[in-house]
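Here is the structure we will look at, set down as structure tokens.
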Amino acid sequence: MIIGITGPMASGKSVLVEMLVERGFSYFQLSEEVREEAKKLGIAIERKALQDLGNAMREKYGNGYWAERVAAKMVSGKNSVIDGIRNPGEIEVFKKFSNFILVGIDAPIEKRFKWIIARNKDSDPKSLDEVKAVDARDRGVGESDSGQQSTKCYEMADVYIQNDGTFEELSKKIGDLLETLKC
Numbered sequence: 000m001i002i003g004i005t006g007p008m009a010s011g012k013s014v015l016v017e018m019l020v021e022r023g024f025s026y027f028q029l030s031e032e033v034r035e036e037a038k039k040l041g042i043a044i045e046r047k048a049l050q051d052l053g054n055a056m057r058e059k060y061g062n063g064y065w066a067e068r069v070a071a072k073m074v075s076g077k078n079s080v081i082d083g084i085r086n087p088g089e090i091e092v093f094k095k096f097s098n099f100i101l102v103g104i105d106a107p108i109e110k111r112f113k114w115i116i117a118r119n120k121d122s123d124p125k126s127l128d129e130v131k132a133v134d135a136r137d138r139g140v141g142e143s144d145s146g147q148q149s150t151k152c153y154e155m156a157d158v159y160i161q162n163d164g165t166f167e168e169l170s171k172k173i174g175d176l177l178e179t180l181k182c
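Structure follows, in structure tokens:
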């Protein structure tokens with residue numbers, strides 16, 4: 000089984016990833032491909048620069064470019080989880096696998112802001128206004144078709160998780176989903 004995950008920053012995607020990895024899934028992150036490319040090119044490893052590079056490479060090589068790089072690394076017959084799907088072209092690449100399921104996770108922006116502040120990553124925005132600006136770009140506001148399009152990706156999901164409660168409630172929702180998917 001191949002499970003793709005899409006959703007905005009700090010929506011709970013990593014909780015789903017952790018639960019799948021605990022069940023033996025191989026983990027792939029599209030943004031890691033972008034980071035590897037940025038290092039080769041000497042580009043700063045910070046959110047806007049990585050998004051710009053990701054967009055430029057999709058513009059040059061097609062919207063499925065990053066997904067094709069990940070798909071080439073996946074082992075046939077091995078369960079995989081893919082995080083960071085941000086463009087419908089990436090979904091189209093993974094839909095070629097008959098056992099692909101896309102999970103959309105979302106959470107209210109105010110909750111996500113609290114979680115962003117709590118996790119205290121250097122690369123994260125520090126104010127609600129900054130979170131809203133990053134969120135708008137991630138969702139595709141003002142972006143070309145080769146840009147970030149997480150809203151369109153979310154709309155393409157096969158199943159949805161609304162993370163609007165506690166960590167325990169999210170874990171239960173994910174556990175129920177994994178039971179339904181038999182993984």
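If you read the sequence shown in numbering that gives the first Met the number 0, its first letter stands for residue 0, the second for the next number, and so on. By construction, the Cβ of each residue, glycine as well, lies at the ideal position given by its N, Cα and C atoms.
Contact between the segment 22-29 and the segment 77-94 is present, with at least three C-beta pairs closer than 8 Å. Membership of serine 79 in any alpha helix (DSSP H) is not indicated; the residue belongs instead to the beta strand (DSSP E) covering 79-82. Per the coordinates, the alpha-carbon of leucine 15 lies some 28 Å from the alpha-carbon of alanine 43.
Within the segment 44-116, the complete alpha helix (DSSP H) segments of 4 residues or longer fall at 46-60, 64-72 and 87-93, listed in chain order. When secondary structure is reduced to three states using DSSP, threonine 5 falls in the strand class. Contact annotation: leucine 101 and glycine 3 have beta-carbon atoms nearer than 7 Å.
In the pairwise beta carbon analysis, the segment 63-79 is classified as touching the segment 89-101: at least three pairs are separated by under 8 Å. DSSP, reduced to helix, strand and coil, places phenylalanine 24 outside both helices and strands of the structure shown, so it counts as coil. In the three-state reduction of the DSSP assignment, isoleucine 173 falls in the helix class. The DSSP-derived three-state label of valine 140 is coil. As DSSP reads the structure, isoleucine 160 sits in a beta bridge with Ile104. Taking the Cα positions, cysteine 182 is about 12 Å away from asparagine 98. Assigned with DSSP and collapsed to three states, cysteine 182 falls in coil, not helix or strand.
When rounded, the separation of the alpha-carbon atoms in methionine 18 and methionine 155 is 23 Å. By the criterion of a C-beta distance shorter than 8 Å, glycine 139 is surrounded in its chain by Gly146, Gln147, Gln148, Ser149, Thr150 and Lys151, once the five residues flanking it on both sides are discounted.
Using a Cβ-Cβ distance cut-off of 8 Å, the segment 49-65 and the segment 108-118 are not in contact, since fewer than three pairs of beta carbons, one from each stretch, lie closer than that value. In the three-state DSSP reduction, methionine 18 falls in the helix class (H, G or I).
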